[in-house]
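This report concerns only the one structure given below.
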Amino acid sequence: MLKELCVQDVRQLVEDLNFAEKVDRALTLIEAAWNEYGDRLAVANSLGKDSMVVWDLAKRVSPKIAGFVVTTRYKPKETVEFMNKLVRRYPELKVFKNDAEIEPNLYRTNPDRCCELLKVEPTRRAIEEMNVGCWATGLRCTEGRTRTDFQEVEERDEGLIKLNPILIWYEREVWQYLALHQVPVNPLYAKGYRSLGCAPCTRIAQGADERAGRWVGTSKCGGECGIHTRPLKGTPMENRS
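If you're matching positions, the sequence shown starts at 384 in the working numbering and goes up one per residue.
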């Protein structure tokens, strides 16, 4: 069972395992999820470096593993072009987007609501329409201050398992894997970005925190869009009558 592989002391794994051991552990976690959930396992591909590692690892476990991309009207053109190339190569990678009309400049006036509508809502739809029982993400506990309390295997929604197979990887190990396996990456990294999001809310940042360039100048600075922190099954509380 996938849950039996979960170790609570994640920080110990970060320090104790070497790169090869972390790769083997990630493959073991994905293989366990595939064996348990089959086609109800899906990879959430954000088109960032970490997601591309997980996508490649998943394809090494089974080429049948599918996935989904959540995109928005504000994604940089480089990200959109990268997404289109990836989807052409992997038709089992489904794209979800919310095209509903929203308040102009909502990303400035209420960034939390903007992310809820344009990122969290399509993620909920992807999970429902693809009948997902377990979704794999590229989340890492070494990325920044908001990602230190996650586990490799989580059940934040009843009946929905979230798998974070590279949770214990360092940023340098991500790039090491990408180079060794010649995995394509978003061209924005070559321009100096370390964490990618929507164009109006992402900057090239300095310092140790990879996510420091996200939502700069707002209360969300370096924070989360909500995909990893909000309920993803059922009707959100704020939308219930």
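Idealized CB from N, CA, C, for every residue including glycine. Since the model is a prediction, treat every value here as computed from it, not as a measurement.
Quiz item: What separation, rounded to the nearest whole angstrom, lies between the Cα atoms of Gly521 and Pro487?
Solution: 30 Å
Exercise. Please report how far the alpha carbon of Ile413 lies from the alpha carbon of Leu579, in whole angstroms.
Key: 24 Å
Quiz item: Near Gly421, which residues of its chain fall below 7 Å by C-beta distance, leaving aside the five closest residues on each side in sequence?
Solution: none
Quiz item: Thr454 CB to nearest chain C CB: under 8 Å?
Solution: Of the protein chains in this structure there is only one, and it is not chain C.
Quiz item: What did DSSP end up calling Lys480 once you bin it into helix, strand or coil?
Solution: coil
Practice problem: Note the first and the last residue of the continuous alpha helix (DSSP H) segment covering Phe402. | Solution: 402 to 420
Exercise. Report the rounded CA-to-CA distance for Gly431 versus Lys477, giving the unit in angstroms.
Key: 16 Å
Quiz item: Hey, Gly609 and Trp598: beta-carbon distance below 8 Å or not?
Solution: no
Self-check item: Rounded straight-line distance, which links the Cα of Lys574 to that of Glu538
Solution: 36 Å
Practice problem: Grab me the residues of Ser429's own chain with a C-beta within less than 7 Å of its C-beta, minus the 5 sequence neighbours each way, in chain order. | Solution: Gly521
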